[in-house]
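In our numbering, the protein residues as written are 117 to 604. From the three backbone atoms N, C-alpha and C, an ideal C-beta is built for every residue, glycine too. First the structure, in the form of structure tokens, and then the observations on it.
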């Protein structure tokens with residue numbers, strides 16, 4: 117049997133076909149159950165399996181040891197709701213119509229959850245939502261009540277698995293509030309001692325920063341514990357073998373020079389996948405570049421859904437058998453309005469990171485909650501005392517460089533900008549040309565009137581101003597109707 121429906125994109129009729137299981141790439145298995153577990157503001161370096169010697173994440177570490185851990189996975193924007201909308205729709209933020217923080221996904225944007233639902237999956241959500249009303253249309257069950265979901269957002273995860281219909285494959289979107297600010301006390305508070313925290317080079321090694329990081333790690337451990345409870349329930353039901361688990365974050369850690377930024381500290385995400393019947397080897401590490409827009413086509417392929425058109429990512433399913441294979445050569449990301457006016461774009465290759473800033477006159481201090489944090493306060497105190505290093509001073513710099521280029525092999529923290537240095541002209545031109553090609557092919561734009569600041573850049577406190585949206589990138593070219601994938 118084949119189901120079909122159509123959606124109009126820029127005057128082109130896009131066909132979505134759904135085939136029976138015969139002829140599927142993974143036809144030797146039943147359609148997999150899928151559990152996508154999304155952290156809130158957890159950086160790629162902040163799990164034990166990614167080399168953090170201090171944070172306690174035994175359940176995620178074990179899942180990584182039994183599946184695949186990806187070391188070069190990137191979000192399309194280091195910003196909460198735009199990143200989530202991008203994951204669900206498989207589209208770049210400027211192509212979703214929801215490029216800025218707190219903007220909802222429009223109704224005419226297809227989602228992979230909607231296609232899974234249409235083709236027989238039971239689809240349920242529990243925890244944080246943050247994508248608006250229209251995105252809910254692809255789900256049988258939405259549970260976004262903060263009180264019911266608990267402080268960490270994970271209270272209903274196991275119950276949702278228990279109450280599902282047992283005659284259908286299922287897709288679960290489990291989204292935590294951990295580790296979004298503000299930190300709240302929980303039964304794991306104090307698990308991490310501030311004296312033992314490793315402070316990144318771009319932050320100040322001071323008591324406030326150390327205590328801030330320790331409280332952040334406590335929330336990561338709560339997130340990890342909830343994942344262990346989910347996997348235990350899958351085992352109890354006898355369905356773990358054919359359940360594909362994906363663990364990732366919507367953006368980097370909520371600290372200065374991380375969240376909202378396009379460096380690896382902001383745009384790189386942990387990405388762990390386990391699927392016992394579909395991934396032949398355990399403890400695999402893949403260095404292949406991935407974008408979170410690749411999730412949609414991958415899951416649809418594994419579910420037997422043949423889809424072309426609106427989804428701009430590429431399937432990473434081939435990496436389950438060949439983890440060293442390259443499914444893409446570039447990943448792209450955006451920094452649009454998130455509390456403050458911004459317009460930056462990033463292209464990342466295995467070796468280099470290139471950023472272009474269309475608002476270089478503005479500082480790049482991070483989101484308002486990070487600006488109001490003890491870590492940012494310590495940076496301001498060090499600035500007043502004249503003790504900041506170049507890396508620590510980065511959040512205060514104005515004007516900023518219009519272009520930045522980093523050699524990530526020798527400079528993994530992206531601290532040395534090579535864009536104006538001799539010897540890197542070829543790499544700079546290659547990445548600049550690829551950026552221009554991607555923006556052109558995906559109908560990205562540079563609006564004159566962007567959404568202005570809603571918060572103070574020094575204190576993080578709300579400004580006494582009318583909160584009016586500007587023009588979102590892509591609007592002038594109707595990028596919401598573009599289905600060109602761009603280079604990959």
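By DSSP, does residue i sit in helix, in strand, or in coil?
i           : result
residue 384 : strand
residue 259 : coil
residue 276 : helix
residue 578 : strand
residue 551 : helix
residue 537 : coil
residue 131 : With a pLDDT of 42 at residue 131, under the threshold of 50, the predicted position of this residue should be treated as unreliable, though the coordinate-derived value follows. DSSP places residue 131 in strand when its eight states are reduced to three.
residue 460 : strand
residue 450 : strand
residue 430 : coil
residue 522 : strand
residue 410 : helix
residue 141 : Confidence in residue 141 is poor, its pLDDT being 38 and thus under 50, which makes the residue's placement unreliable; the coordinate value appears in the next sentence. Note: residue 141 maps to coil in three-state DSSP.
residue 598 : coil
residue 371 : coil
residue 403 : strand
residue 125 : Only weak support is given to the placement of residue 125: the predicted model assigns it a pLDDT of 48, under 50, and the question is left unresolved by the model.
residue 567 : coil
residue 484 : helix
residue 415 : helix
residue 282 : coil
residue 355 : coil
residue 422 : strand
residue 591 : coil
residue 469 : strand
residue 478 : coil
residue 397 : coil
residue 186 : strand
residue 603 : coil
residue 584 : coil
Can you check whether the CB of residue j is closer than 9 Å to the CB of residue i?
i           : j           : result
residue 427 : residue 198 : no
residue 483 : residue 516 : no
residue 158 : residue 343 : no
residue 284 : residue 237 : yes
residue 391 : residue 206 : no
residue 364 : residue 414 : no
residue 466 : residue 188 : yes
residue 444 : residue 410 : yes
residue 241 : residue 258 : yes
residue 204 : residue 320 : no
residue 446 : residue 478 : no
residue 373 : residue 523 : no
residue 210 : residue 578 : no
residue 397 : residue 435 : no
residue 602 : residue 548 : no
residue 459 : residue 566 : yes
residue 492 : residue 576 : yes
residue 235 : residue 288 : no
residue 470 : residue 521 : yes
Roughly how many whole angstroms lie between the Cα atoms of residue i and residue j?
i           : j           : result
residue 424 : residue 558 : 16 Å
residue 527 : residue 496 : 25 Å
residue 150 : residue 273 : 13 Å
residue 468 : residue 281 : 47 Å
residue 429 : residue 326 : 38 Å
residue 583 : residue 572 : 13 Å
residue 317 : residue 190 : 21 Å
residue 194 : residue 171 : 22 Å
residue 472 : residue 220 : 26 Å
residue 328 : residue 399 : 32 Å
residue 592 : residue 229 : 28 Å
residue 330 : residue 301 : 12 Å
residue 139 : residue 336 : Bear in mind that the predicted position of residue 139 carries a pLDDT of just 32, short of 50, making it too unreliable to give a figure here.
residue 212 : residue 311 : 43 Å
residue 338 : residue 449 : 29 Å
residue 536 : residue 485 : 33 Å
residue 167 : residue 506 : 25 Å
Just checking my contact of residue i with residue j at CB under 8 Å: how many whole Å lie between their CB atoms?
i           : j           : result
residue 323 : residue 244 : Residue 323 to residue 244, Cβ: 31 Å. No contact.
residue 255 : residue 153 : About 16 Å separates the two Cβ atoms, so there is no contact after all.
residue 270 : residue 292 : 6 Å
residue 389 : residue 360 : 7 Å
residue 569 : residue 595 : Wrong, their Cβ atoms sit about 24 Å apart, outside the cutoff.
residue 404 : residue 441 : 6 Å
residue 384 : residue 160 : 4 Å
residue 555 : residue 461 : 7 Å
Along the chain, which unbroken stretches of the beta strand (DSSP E) at least 3 residues long are found entirely within the region 144-169?
Whole beta strand (DSSP E) segments, 3+ residues: 149-155.
What are the complete alpha helix (DSSP H) segments, minimum 4 residues, inside the region 286-342?
Fully enclosed alpha helix (DSSP H) runs of 4 or longer: not present.
Only counting runs of 3 or more residues, tell me where the beta strand (DSSP E) segments fall wholly within the region 218-255, in order along the chain.
DSSP runs (the beta strand (DSSP E)) wholly in the region 218-255: 238-243.
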